[in-house]
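In the order they appear, the protein sequences are chains A and B.
Basically this note's numbering = 1-based index in the first sequence + 122.
Basically this note's numbering = 1-based index in the second sequence + 1.
Glycine included, every Cβ here is placed at the ideal spot set by N, Cα and C.
From a predicted model like this one, the values you see are computed outputs, not experimental measurements.
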Amino acid sequence: MKTYVVEPREHTSVEFDPIMLHGSITEACLTVRSYEGEAHLTAQHVCKAVIAWLAGRTEVTRRDIRRVATNALTVYHPEAAYLYENERNII
Amino acid sequence: MARNTYDYDLIVIGSGAGGSVAADIVARAGKKVAIIEKDLLGGECPNWGCIPSKALLHAANIYASTKDSQKFGIRIPTVSYNYLSIRAWKDLAIKRTGASGSERYYRSQDISVFNGTAHFLSPHEITVNRRHLSAAHFLIATGSTWAMPDVAGLGKVQYLTARTALDLNRPPKSIVILGGGTIGCEFAEFFSVFGAKVTILDIAPRVLSGEDEETSSVVEDFLHTKRGATIYTKAKAISAINDGPMIKVTYLRGGDQHTVKAEKLLIATGKTPQTDIGLENAGVEYSHKGIDVDQHLQTSASHIFAAGDVLGTNMYTHVGVYESRIVANNILHKSKATTDYKAVPRVTYSMPEVASVGMTEADCLRRDLHIKKAVAPLNIISRSNVTDIRDGFCKVITDTSGHILGATVVGPHAGEMIHELTLAIQHGLTAQQVANTLHAFPSWSEIVRVACGKIKV
Chain A
123 MKTYVVEPRE HTSVEFDPIM LHGSITEACL TVRSYEGEAH LTAQHVCKAV IAWLAGRTEV
183 TRRDIRRVAT NALTVYHPEA AYLYENERNI I
Chain B
2 MARNTYDYDL IVIGSGAGGS VAADIVARAG KKVAIIEKDL LGGECPNWGC IPSKALLHAA
62 NIYASTKDSQ KFGIRIPTVS YNYLSIRAWK DLAIKRTGAS GSERYYRSQD ISVFNGTAHF
122 LSPHEITVNR RHLSAAHFLI ATGSTWAMPD VAGLGKVQYL TARTALDLNR PPKSIVILGG
182 GTIGCEFAEF FSVFGAKVTI LDIAPRVLSG EDEETSSVVE DFLHTKRGAT IYTKAKAISA
242 INDGPMIKVT YLRGGDQHTV KAEKLLIATG KTPQTDIGLE NAGVEYSHKG IDVDQHLQTS
302 ASHIFAAGDV LGTNMYTHVG VYESRIVANN ILHKSKATTD YKAVPRVTYS MPEVASVGMT
362 EADCLRRDLH IKKAVAPLNI ISRSNVTDIR DGFCKVITDT SGHILGATVV GPHAGEMIHE
422 LTLAIQHGLT AQQVANTLHA FPSWSEIVRV ACGKIKV
């Protein structure tokens, strides 16, 4: 079953892209000076957790993905999780 | 009520006790209502909760009392059972509730029914199967799910939950039950009647730990002596692994590690509210204990209400129905109804049956209340004599002026007897007033009169 990520205000939706999520998690990990291999591995674990959460859900919001990914990332890398959660607020 | 921009006046998420009643009342008032259900219509209680488990327990009680009837001069050469027929009886009981046919009923009431998982996208909008629905009000009645204990290897063994345990093809030869609460005790009673070797592992110091100590001791004693069950309290299960056709459960007790093997493993460690429906997108505050509501059952988003198990407090069908009525009133009327939980009856359909209402003795101690209490054993009343049922008691707790604060009845039909005491608590009656009420002789209810009569103000 495909899951779509909805933007409620704009009434648009795009198919969930795990590669995009993998990329942003990796980026968050690298920003807090993780090793590249470790960053990819962490992103893999986080993507797996998010995909498991998405099972049975047809539509979610971007905020949902960010929340679930943050929760999963906190287990592996709390600093990266903080950055990932608050990147929009950090100048 | 609803602005034209919304599809519905009310969307109810969950068709169980907490949701269906409000949907019905609001629809009857001429409002546009939709109900969303991700599983079977009717929710847990009629499909895989109270109704099927009580139907099975009824069959078990008949089997047990028939086997025990020789002392009354009744001779039955062989008493046996056909488990598949017992299951068929349970299925008939479920069918009779009419839950499976409720979709037709809802449609007759102009209630739209959607089958799927609801997820909030924004405070007034949800998605179900990629269909976006909006409403002026929402009622969250998503219920609860089985809480999984932190036991290593649990994912690799085929464990039972209270839902899957109802559909076994035969009773297991042996079973380990994790949890000695209401569900654990009821299944222990059921399986042990049909010959299973039952072991209960409970992390609490006694079974039915939410009830008074006397209650736990009667139930533990009955399960152990009459049903042959083994009960380990203060026991924490730490791992479960497959061992051939058996499941080996390792637990810690008294600082030592022990193991127990059984054919089946049943998880009955409690329930957790189902809150994973995108509540953050709707601005609804919640915790792992459930959704936060005020006395009007309004959540932090004032147009969203919650009722039933999802609140995480009183997880009973009758409370769900009560809360659902309050929500319906608060959606339809300006004068808001408030919740009152001082007299919530709780029943465990074990043998002997356990029923309680109001505060336990421990609750009173925690609140530093000065109390009076009286306990009347069941064997002092005539009904006990003529039926040879001796296990049980009635305990009444009052304040210093004699007003009933809490009560427990353990014995046959305790679930019916408790309502007299529920009424007394709800309307502020004293124990003396209950004792002065005529009780038929020889009835089980006499025990209530005797216990109340023992309270001296």
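With H, G and I counted as helix, E and B as strand and the rest as coil, what does DSSP make of residue i?
i: Val285/B; result: coil
i: Asp213/B; result: coil
i: Lys55/B; result: helix
i: Asn437/B; result: coil
i: Pro150/B; result: coil
i: Arg207/B; result: coil
i: Ala119/B; result: strand
i: Met1/B; result: Since the displayed chain B opens at 2 and closes at 458, residue 1/B lies outside it and no answer follows.
i: His199/A; result: coil
i: Glu207/A; result: helix
i: Tyr126/A; result: strand
i: Ala3/B; result: Legend: pLDDT at Ala3/B = 48, less than 50; position of this residue unreliable, value from coordinates given subsequently. DSSP places Ala3/B in coil when its eight states are reduced to three.
i: Asp341/B; result: coil
i: Ala177/A; result: coil
i: Gly180/B; result: coil
i: Ser135/B; result: strand
i: Asp244/B; result: strand
i: Ser175/B; result: strand
i: Ser101/B; result: helix
i: Thr164/A; result: helix
i: Glu158/A; result: helix
i: Ile192/A; result: Per the sequence presented here, residue 192/A reads as Thr, with Ile not at that position. Helix at Thr192/A.
Using a 10 Å radius around the Cβ and a threshold of 16 neighbouring Cβ atoms, would you call residue i buried or exposed?
i: Asp203/B; result: buried
i: Lys396/B; result: buried
i: Lys265/B; result: buried
i: Phe442/B; result: exposed
i: Ala150/A; result: buried
i: Thr180/A; result: buried
i: Asn170/B; result: exposed
i: His334/B; result: exposed
i: Glu45/B; result: buried
i: Ala153/B; result: exposed
i: Leu58/B; result: buried
i: Ser192/B; result: One detail in the question is off: residue 192/B reads as Phe in this sequence, not Ser. Buried is the call here.
i: Thr164/A; result: buried
i: Gly181/B; result: buried
Taking the beta strand (DSSP E) that residue i falls in, what are its first and last residues?
i: Ser357/B; result: 355-359
i: Asp480/B; result: Limits of chain B in this structure are 2 at one end and 458 at the other, which puts residue 480/B out of reach.
i: Ile112/B; result: 112-116
i: Thr399/B; result: 394-400
i: Pro378/B; result: 372-378
i: Gly407/B; result: 405-411
i: Thr273/B; result: 272-274
i: Thr423/B; result: Per DSSP, Thr423/B belongs to no beta strand (DSSP E); it is in the alpha helix (DSSP H), 415-427.
i: Thr231/B; result: 231-233
Would you mind reading off the limits of the alpha helix (DSSP H) that contains residue i?
i: Thr183/B; result: 183-194
i: Ile141/A; result: 140-153
i: Glu38/B; result: Looking at the DSSP string, Glu38/B is not in any alpha helix (DSSP H); the run it does join, the beta strand (DSSP E), is 34-38.
i: Val22/B; result: 18-29
i: Ile448/B; result: 447-454
i: Met316/B; result: First-last for Met316/B: undefined, no H or E at that position.
i: Pro47/B; result: 45-49
i: Leu85/B; result: 84-98
i: Leu202/B; result: Segment 198-202 is the beta strand (DSSP E) holding Leu202/B; no alpha helix (DSSP H) there.
i: Val387/B; result: 383-388
i: Ala363/B; result: 362-367
Near-chain B residues of the region 176-196 of chain A - C-beta to any C-beta below 8 Å: The region 176-196 of chain A vs chain B, Cβ under 8 Å: Gly178, Arg179, Thr180, Glu181, Val182, Thr183, Arg185, Asp186, Arg189.
Any 3 or more C-beta pairs closer than 8 Å across the region 151-163 of chain B and the region 28-35 of chain B: Not touching, per the Cβ criterion.
Cβ-based contacts, 7 Å cut-off: residues of the region 162-173 of chain A near chain B: For the region 162-173 of chain A, the beta-carbon criterion of a distance under 7 Å to any beta-carbon of chain B is satisfied by none of its residues.
Residues of the region 198-209 of chain A with Cβ closer than 7 Å to any Cβ of chain B, in chain order: When C-beta distances to chain B are compared with 7 Å, every residue of the region 198-209 of chain A stays at or above that value.
The region 392-408 of chain B / the region 239-256 of chain B touching (three or more Cβ pairs under 8 Å): Fewer than three beta-carbon pairs drawn from the region 392-408 of chain B and the region 239-256 of chain B are found closer than 8 Å, and the two stretches are therefore not classed as touching.
Touching by the beta-carbon criterion (3+ pairs, under 8 Å), the region 378-391 of chain B and the region 308-315 of chain B: Judged by Cβ distances under 8 Å, the region 378-391 of chain B makes no contact with the region 308-315 of chain B, as fewer than three pairs qualify.
contact_flag[the region 136-144 of chain A, the region 165-173 of chain A] where n(CB pairs < 8 Å) is 3 or more: Because the criterion of three Cβ pairs below 8 Å is met, the region 136-144 of chain A and the region 165-173 of chain A touch.
Cβ contact check for the region 145-154 of chain B and the region 269-276 of chain B: 3 or more pairs under 8 Å: As far as the Cβ criterion goes, the region 145-154 of chain B touches the region 269-276 of chain B, which means the pair count is three or higher.
Chain A contacts from the region 277-306 of chain B (Cβ-Cβ distance under 9 Å): Hits within the stretch, in order: Asp277, Gly279, Glu281, Asn282.
The region 362-378 of chain B in contact with the region 416-423 of chain B per 3-pair CB rule at 8 Å: Fewer than three Cβ pairs drawn from the region 362-378 of chain B and the region 416-423 of chain B lie within less than 8 Å of each other, which leaves the two stretches out of contact.
Touching by the beta-carbon criterion (3+ pairs, under 8 Å), the region 95-110 of chain B and the region 226-240 of chain B: No: fewer than three Cβ pairs fall under 8 Å.
Positions along the region 110-136 of chain B whose CB lies within less than 7 Å of some CB in chain A: For the region 110-136 of chain B, which is checked against every Cβ of chain A, the residues closer than 7 Å are Thr118, His120, Leu122, Ser123, Glu126, Thr128, Asn130, Arg131.
Touching by the beta-carbon criterion (3+ pairs, under 8 Å), the region 103-120 of chain B and the region 35-45 of chain B: Judged by Cβ distances under 8 Å, the region 103-120 of chain B makes contact with the region 35-45 of chain B, as three or more pairs qualify.
At least three beta-carbon pairs within less than 8 Å, the region 181-196 of chain A to the region 156-163 of chain A: Segments in contact, no.
Touching by the beta-carbon criterion (3+ pairs, under 8 Å), the region 81-93 of chain B and the region 4-13 of chain B: Taking one beta carbon from each stretch, the region 81-93 of chain B and the region 4-13 of chain B have fewer than 3 pairs nearer than 8 Å; the two do not touch.
Residues in the region 132-156 of chain A having any Cβ partner in chain B nearer than 7 Å: Those would be none; no residue qualifies.
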